[in-house]
Amino acid sequence: MTEEQVKLIAVFESKVRQLMSLCDEQRVELDRLRALLELKESELQQEILRSEELAIKCNNLLTARVVSVKEGEIKSAKTRLSRLVREVDKCIALLNE
Numbered sequence: 006m007t008e009e010q011v012k013l014i015a016v017f018e019s020k021v022r023q024l025m026s027l028c029d030e031q032r033v034e035l036d037r038l039r040a041l042l043e044l045k046e047s048e049l050q051q052e053i054l055r056s057e058e059l060a061i062k063c064n065n066l067l068t069a070r071v072v073s074v075k076e077g078e079i080k081s082a083k084t085r086l087s088r089l090v091r092e093v094d095k096c097i098a099l100l101n102e
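Laid out in structure tokens, this is it:
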């Protein structure tokens with residue numbers, strides 16, 4: 006082999022080693038990113054479950070609030086009805102006199 010060919014082979018070997026080193030670095034980075042992705046997906050699933058739980062709690066609170074408002078309306082209606090019955094009783098008593 007000529008000296009020029011030896012130099013070219015040496016340069017080629019050097020470039021191949023650099024490329025292999027870069028490939029190894031990229032594999033390590035890819036593994037790190039895959040692990041990070043798995044962690045983030047796990048966190049996302051936990052947050053989705055938490056969000057669903059909070060939505061259920063919110064719906065339960067809204068339902069409880071509606072029920073309590075209805076109970077308040079029922080009490081108010083009973084009070085008004087009792088007052089009206091007393092007024093009717095007074096009117097009947099006045100008519101009987």
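Residue 11 in this note's numbering sits at position 6 of the sequence shown, with consecutive numbering throughout.
Idealized CB from N, CA, C, for every residue including glycine.
For residue i, three-class secondary structure by DSSP
| i | result |
| --- | --- |
| threonine 7 | coil |
| glutamate 34 | helix |
| isoleucine 102 | A quick correction: the sequence has glutamate, not isoleucine, at residue 102. Correct three-state label for glutamate 102: coil. |
Residue i to residue j span [Cα, whole Å]
| i | j | result |
| --- | --- | --- |
| cysteine 63 | leucine 24 | 56 Å |
| valine 2 | glutamate 48 | There is no way to answer for residue 2, as the model of the chain reaches only from 6 to 102. |
| glutamate 92 | glutamate 76 | 24 Å |
| serine 26 | arginine 39 | 20 Å |
| leucine 54 | leucine 41 | 20 Å |
| alanine 60 | lysine 80 | 30 Å |
| glutamate 57 | threonine 84 | 41 Å |
| leucine 108 | asparagine 101 | Residue 108 falls outside the range modelled here, since the chain spans only 6 to 102, and no answer is possible. |
| phenylalanine 17 | threonine 7 | 15 Å |
| aspartate 94 | leucine 66 | 42 Å |
| alanine 98 | alanine 82 | 24 Å |
| leucine 89 | threonine 68 | 31 Å |
| alanine 15 | cysteine 28 | 20 Å |
| glutamate 46 | glutamate 52 | 10 Å |
| lysine 20 | glutamine 50 | 44 Å |
| glutamate 30 | arginine 37 | 11 Å |
| arginine 22 | arginine 32 | 15 Å |
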